[in-house]
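In this note's numbering, the protein residues as written are 205 to 343.
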């Protein structure tokens, strides 16, 4: 949490801390990735930083036992939202900025995104096959 740290001079002015954190993120970070737009974010970052190759990835450590949002009680959800309200607002702000960036992209970006996603899926599958093929055979 951006606000889980000691706020110092902002202890009594959470709105001020929120605005300063948001401004710092905009000014001090070249790029902010949004989880719902992970592939789009990766591709935008590769353009922004002029990477020569696609940054392929493989999903690891994906939790299968984490409770879904629907399994949590309303009071638990409200408590989480209340404890993270400023983080949620910053996240929403950057999610809107990401949507605006994506809406202004060209058709070639859409083609590159589809190509990247298909190639990344194929590379992930190939890695799984290689790891399976290298396992010792047990009879």
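By construction, the Cβ of each residue, glycine as well, lies at the ideal position given by its N, Cα and C atoms. All values reported here derive from a predicted model rather than from experimental measurement.
Nearest CA to the CA of residue i: which residue from the options?
i	options	result
residue 318	225, 247 and 232	247
residue 257	324, 329 and 335	324
residue 223	271, 315, 278 and 294	294
residue 261	336, 315, 333 and 326	326
residue 312	263, 330, 244 and 220	244
residue 242	232, 263 and 253	263
residue 252	267, 265, 269 and 233	233
residue 320	268, 259 and 333	259
Using DSSP with H/G/I as helix, E/B as strand and the rest coil, what is residue i?
i	result
residue 254	coil
residue 262	coil
residue 205	Low confidence applies here, because residue 205 scores a pLDDT of 46, under 50, leaving its location unreliable; read the following figure in that light. The answer is coil: DSSP assigns residue 205 none of H, G, I, E or B.
residue 239	helix
residue 321	helix
residue 233	coil
residue 314	helix
residue 248	helix
residue 224	helix
Touching by the beta-carbon criterion (3+ pairs, under 8 Å), the segment 283-290 and the segment 228-236: Using a C-beta cut-off of 8 Å, the segment 283-290 makes no contact with the segment 228-236, since fewer than three inter-stretch Cβ pairs fall below that distance.
Only counting runs of 3 or more residues, tell me where the beta strand (DSSP E) segments fall wholly within the segment 260-312, in order along the chain. As far as the segment 260-312 is concerned, it has no whole beta strand (DSSP E) run of at least 3 residues.
Does the count of Cβ pairs from the segment 235-254 and the segment 289-306 closer than 8 Å reach three? Counting C-beta pairs closer than 8 Å gives three or more between the segment 235-254 and the segment 289-306, which meets the contact rule.
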